[in-house]
Amino acid sequence: MRLKTILAGLVMLAVGLAVTLVAIIKSTDFNAYKDVIAGQVKAATGRDLVLAGNVELGISLTPTLTVSQVTFRNADWGSEPAMFKFDRLAAEIELLPLFSSEIVIKRLILSDADVLLETNTDGTGNWVMGSGGGGSAPLPHVADVLVERLSIRYRDGETGVTRQVDIDNLAAQTAAPGAPIALALRAAMAGEQLTAEGQIGALRQFTQGPLPIDLKGNVGGVAFTVAGQVADPAHFEGIDVDLSLISAGAVAFGDLKLPGAGPYRLAGHLSGAKGSYKLTAASGRVGGSDFTGDLEYALGEKRPFIGLRLASTKLDSKDFGLEPVLSGPDNGPKDGRAFSGEAWIIPQLNMLDADVLWTAQEFSHGPYPLKNASIELHLRDGKLNLTNVTGNLVDGRFSAAGSLDTMQSPAPLVARVRADDVAAVPLLETMGLAGVLQSKNANLEVELAGPAQSLRALLAGANGTVLFETGSGRLQNDFVRLLFADLFSLISIGGNNDSSQVNCLVTRFAIENGIAQSRGIVLDTPGATILGSGTIDLRNERLNLHVDSQSKQINLANLAVPMNVGGTLSKPSVTPDALGTVENTAGFATRAANFATFGALEAVTGLGQSNDLGPNPCRSALDAGVKAGKSATPGEKIIEGTGQVIEGVGEGAGQVIEGVGEGAKEIGKETGKALESIGDGLNDLFGN
Numbered sequence: 004m005r006l007k008t009i010l011a012g013l014v015m016l017a018v019g020l021a022v023t024l025v026a027i028i029k030s031t032d033f034n035a036y037k038d039v040i041a042g043q044v045k046a047a048t049g050r051d052l053v054l055a056g057n058v059e060l061g062i063s064l065t066p067t068l069t070v071s072q073v074t075f076r077n078a079d080w081g082s083e084p085a086m087f088k089f090d091r092l093a094a095e096i097e098l099l100p101l102f103s104s105e106i107v108i109k110r111l112i113l114s115d116a117d118v119l120l121e122t123n124t125d126g127t128g129n130w131v132m133g134s135g136g137g138g139s140a141p142l143p144h145v146a147d148v149l150v151e152r153l154s155i156r157y158r159d160g161e162t163g164v165t166r167q168v169d170i171d172n173l174a175a176q177t178a179a180p181g182a183p184i185a186l187a188l189r190a191a192m193a194g195e196q197l198t199a200e201g202q203i204g205a206l207r208q209f210t211q212g213p214l215p216i217d218l219k220g221n222v223g224g225v226a227f228t229v230a231g232q233v234a235d236p237a238h239f240e241g242i243d244v245d246l247s248l249i250s251a252g253a254v255a256f257g258d259l260k261l262p263g264a265g266p267y268r269l270a271g272h273l274s275g276a277k278g279s280y281k282l283t284a285a286s287g288r289v290g291g292s293d294f295t296g297d298l299e300y301a302l303g304e305k306r307p308f309i310g311l312r313l314a315s316t317k318l319d320s321k322d323f324g325l326e327p328v329l330s331g332p333d334n335g336p337k338d339g340r341a342f343s344g345e346a347w348i349i350p351q352l353n354m355l356d357a358d359v360l361w362t363a364q365e366f367s368h369g370p371y372p373l374k375n376a377s378i379e380l381h382l383r384d385g386k387l388n389l390t391n392v393t394g395n396l397v398d399g400r401f402s403a404a405g406s407l408d409t410m411q412s413p414a415p416l417v418a419r420v421r422a423d424d425v426a427a428v429p430l431l432e433t434m435g436l437a438g439v440l441q442s443k444n445a446n447l448e449v450e451l452a453g454p455a456q457s458l459r460a461l462l463a464g465a466n467g468t469v470l471f472e473t474g475s476g477r478l479q480n481d482f483v484r485l486l487f488a489d490l491f492s493l494i495s496i497g498g499n500n501d502s503s504q505v506n507c508l509v510t511r512f513a514i515e516n517g518i519a520q521s522r523g524i525v526l527d528t529p530g531a532t533i534l535g536s537g538t539i540d541l542r543n544e545r546l547n548l549h550v551d552s553q554s555k556q557i558n559l560a561n562l563a564v565p566m567n568v569g570g571t572l573s574k575p576s577v578t579p580d581a582l583g584t585v586e587n588t589a590g591f592a593t594r595a596a597n598f599a600t601f602g603a604l605e606a607v608t609g610l611g612q613s614n615d616l617g618p619n620p621c622r623s624a625l626d627a628g629v630k631a632g633k634s635a636t637p638g639e640k641i642i643e644g645t646g647q648v649i650e651g652v653g654e655g656a657g658q659v660i661e662g663v664g665e666g667a668k669e670i671g672k673e674t675g676k677a678l679e680s681i682g683d684g685l686n687d688l689f690g691n
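The opening residue of the sequence shown carries number 4 in my numbering; numbering runs sequentially from there.
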């Protein structure tokens with residue numbers, strides 16, 4: 004009985020002590036300990052903690068401490084007074100670890116909070132804490148965290164750029180102190196949904212580093228994986244992670260909208276520190292285009308820098324949202340002009356500097372791909388330099404270069420284009436003349452400089468040169484009738500119902516202040532040789548051209564009628580030149596006497612004969628004419644004989660002139676359409 008009485012007494016004593024302890028705890032005002040708690044936080048972090056709401060303790064085997072309306076002070080240099088603030092925090096605390104001066108929080112619930120993370124101009128984060136001059140307290144171990152309605156804002160003190168993430172729900176668990184944290188996140192960023200799950204390092208590693216990361220998730224329809232570590236997370240330096248991004252469709256993320264419609268894929272190894280980052284061993288895909296290589300990003304002293312060194316098997320500009328060079332004519336300008344006056348929008352490109360070297364086995368920017376292509380460009384201080392674009396185009400060689408200074412108004416544009424031994428069809432398609440000429444070997448050289456305001460303004464103030472030449476091929480008969488009218492019978496000898504045989508063709512123009520001066524136009528066919536000369540005023544689009552011909556068939560000599568082409572590019576007029584209707588060879592020589600063709604007559608009239616004029620006889624003849632034109636002797640002989648030739652014109656010439664009138668009316672109408680299509684094609688070419 005005595006033992007039973009003793010045990011009963013001990014139980015009653017224990018219950019009494021427990022009741023007394025509970026009564027003491029319940030009667031205790033924990034708000035009186037706010038200053039003690041704030042002092043401990045100050046000792047650990049060097050910053051003030053303000054507990055504006057109540058501090059309450061729920062009694063159970065695992066007591067719950069609840070605090071409300073709490074504010075934690077920001078760094079002294081911070082842009083706002085508070086680094087974080089929240090409405091309510093509840094912590095379930097393990098009792099036994101307290102006896103060994105350890106704080107183990109079984110569960111932490113945070114709701115309605117706002118956190119500001121920012122860096123100063125030196126790149127130091129406000130999450131880097133001072134000692135406060137007191138002893139440092141150990142960080143508590145938190146086993147389970149639940150966050151509801153948390154807004155995290157990030158501000159870059161160097162750039163002023165801000166970002167915000169609104170967390171709807173965040174759950175994090177860790178098995179033991181120092182163990183990795185498993186997390187699951189559901190949030191919104193820049194108006195896009197964000198989900199993530201995986202593991203990150205322990206709480207202490209956020210400040211001490213290195214911080215391991217192994218996450219996967221989705222943001223705005225872009226699936227991502229990140230695996231690796233950050234050596235110094237406090238300063239976001241020493242990044243060493245493998246990165247992967249995949250999207251099945253278009254990507255629009257806040258102000259960022261990727262060009263094209265996707266799909267997108269990017270993978271590589273991301274590394275960097277001190278504002279310089281590299282993605283090496285990168286591979287990716289945009290639409291049907293692929294690439295591998297290295298990407299670089301650096302903050303720079305004045306502006307960010309982007310560097311790309313990439314190689315592609317297939318690269319299509321359409322995948323990046325760039326419209327290809329259009330083929331064929333469109334409706335043209337609404338004001339009746341040939342060249343569009345629609346203003347080009349040239350943004351100032353001084354927001355970043357860039358170096359790009361991109362090679363591709365096949366590069367497409369139109370119907371004909373560039374094989375074994377290489378693209379190199381540099382952007383510095385708003386000036387874009389296209390060092391080169393090279394590649395093989397339809398068995399020939401193509402190259403282009405140029406520059407555009409976007410910091411000037413109007414922006415000066417310099418463009419150089421060259422095509423060697425390229426089939427004529429792809430070149431002419433870009434000028435709106437698809438199907439006009441078929442030839443396996445055509446050459447094009449363009450050097451053009453002018454103001455990049457519009458196509459009309461560019462050509463009106465242009466300076467440069469244009470050369471187009473082709474060897475043996477076929478010229479569409481409809482175009483021959485259109486441009487040469489009564490000369491069709493001469494040109495079409497050796498042709499068929501659809502096209503006429505062409506031995507060679509060369510056109511050269513020198514452009515000065517918007518005036519295109521012919522440096523020679525030579526067309527040779529089995530039936531005739533044709534020379535052209537004159538000017539095109541690109542400022543007002545007026546034509547002043549002359550066409551002479553020499554028949555190679557004696558019975559068709561009277562059809563070799565000189566023609567004047569006037570009017571405008573939109574409404575040209577074609578009329579016979581009465582004074583130019585002379586005896587075939589001598590008259591041809593006289594009217595062709597400009598500085599490019601003046602001394603070329605012996606060479607030109609020898610086309611199709613036994614003269615060896617090289618692979619392109621028109622070019623050789625024109626070159627010979629230029630060379631001979633430097634000597635006065637051939638020209639003087641021609642001029643001296645002009646009077647005698649004109650006296651012998653006779654009635655035959657008059658009859659030829661009479662027959663030209665009606666055809667000339669139709670020529671003017673149809674030529675206007677052709678020249679307008681050329682203008683549209685140029686607009687497509689320069690506009691893209």
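Note that beta-carbon positions come from the ideal geometry of N, C-alpha and C, so glycine has one too.
Contact the segment 115–130 vs the segment 219–228: 3+ CB pairs below 8 Å: Taking 8 Å as the limit for Cβ pairs, the verdict is that the segment 219–228 does not touch the segment 115–130.
Limits of the unbroken alpha helix (DSSP H) element including residue 456: Looking at the DSSP string, residue 456 is not in any alpha helix (DSSP H), and its letter there is neither H nor E.
Who pairs with residue 165 in a beta bridge, going by DSSP? Note: residue 165 is bridge-paired with 158 in the DSSP secondary-structure output.
Cβ distance (whole Å) where residue 190 is taken to contact residue 169 below 8 Å: The C-beta distance from residue 190 to residue 169 rounds to 6 Å, short enough to fall under 8 Å.
Among the residues of its own chain, which have a CB less than 6 Å from the CB of residue 137, if the five just before and after it don't count? Confidence in residue 137 is poor, its pLDDT being 49 and thus under 50, which makes the residue's placement too unreliable to answer from.
Taking its Cβ as the centre, do 16 or more other Cβ atoms sit within 10 Å of residue 456, making it buried, or is it exposed? With 16 or more other Cβ atoms within 10 Å, it is buried.
Between the segment 174–184 and the segment 144–152, do at least 3 Cβ pairs fall closer than 8 Å? A contact is defined here as three or more CB-CB pairs under 8 Å, and the segment 174–184 meets this definition with respect to the segment 144–152.
Helix, strand or coil at residue 91 [DSSP, three-state]: Strand, per DSSP.
Would a check of beta-carbon distances place residue 91 closer than 9 Å to chain B? Judged by its chain identifiers, the structure shown contains no chain B, having just a single protein chain.
Residues that residue 199 bridges to, as DSSP identifies them: Paired residues: 188, 220.
What first and last residue would you give for the alpha helix (DSSP H) that runs through residue 37? Residues 37–48.
Neighbourhood of residue 358 by C-beta distance below 6 Å, restricted to the same chain and skipping five residues each side: Answer for residue 358: 310, 381, listed in chain order.
Name the two residues that bound the continuous beta strand (DSSP E) containing residue 308. Counting along the chain, residue 308 sits inside the beta strand (DSSP E) bounded by residues 308–315.
What residue range is occupied by the uninterrupted beta strand (DSSP E) comprising residue 351? No beta strand (DSSP E) contains residue 351, which DSSP labels as neither H nor E.
Looking at the unbroken beta strand (DSSP E) that takes in residue 232, where does it start and where does it end? Going by DSSP, residue 232 is part of the beta strand (DSSP E) stretching over 225–235.
Hey, how far is the Cα of residue 346 from the Cα of residue 287? The straight-line gap separating the alpha-carbon atoms of residue 346 and residue 287 is approximately 36 Å.
Can you tell me whether residue 277 is helix, strand or coil according to DSSP? In the structure shown, residue 277 falls within a coil segment according to DSSP collapsed to helix, strand and coil.
Assuming residue 572 and residue 544 are in contact, meaning their beta carbons sit under 8 Å apart, how far apart are those beta carbons, in whole angstroms? 4 Å between Cβ atoms; contact.
Backbone CA spacing between residue 385 and residue 392 [nearest angstrom]: One C-alpha to the other measures close to 20 Å.
If you compare alpha carbons, which of 364, 365, 266, 356 is closest to residue 324? Answer by Cα proximity: 266.
Kindly list the residues whose CB is nearer than 7 Å to the CB of residue 411, restricted to its own chain and excluding five residues on each side of it in sequence; keep chain order. Its chain contains no residue whose beta carbon lies nearer than 7 Å to that of residue 411 once the 5 sequence neighbours on both sides are disregarded.
Limits of the unbroken alpha helix (DSSP H) element including residue 208: Residue 208: member of the alpha helix (DSSP H) spanning 208–211, first to last residue.
Could you give the DSSP three-state label for residue 622: helix, strand or coil? In the three-state reduction of the DSSP assignment, residue 622 falls in the helix class, which pools H, G and I.
Report buried or exposed for residue 166, applying the criterion of at least 16 other Cβ atoms within 10 angstroms of its Cβ. It counts as exposed.
Please tell me whether residue 547 and residue 564 are closer than 9 Å, where the distance is taken between their beta carbons. No, Cβ-Cβ distance for residue 547 and residue 564 is not below 9 Å.
May I ask you to report which of helix, strand or coil DSSP gives residue 109? The DSSP-derived three-state label of residue 109 is strand.
How should residue 103 be labelled, buried or exposed, when 16 other C-beta atoms within 10 angstroms of its C-beta is the threshold for buried? Only exposed fits residue 103, as fewer than 16 other CB atoms lie within 10 angstroms of its CB.
What does the alpha-carbon distance come out to for the pair residue 51 and residue 114? Those two C-alpha atoms are separated by around 21 Å.
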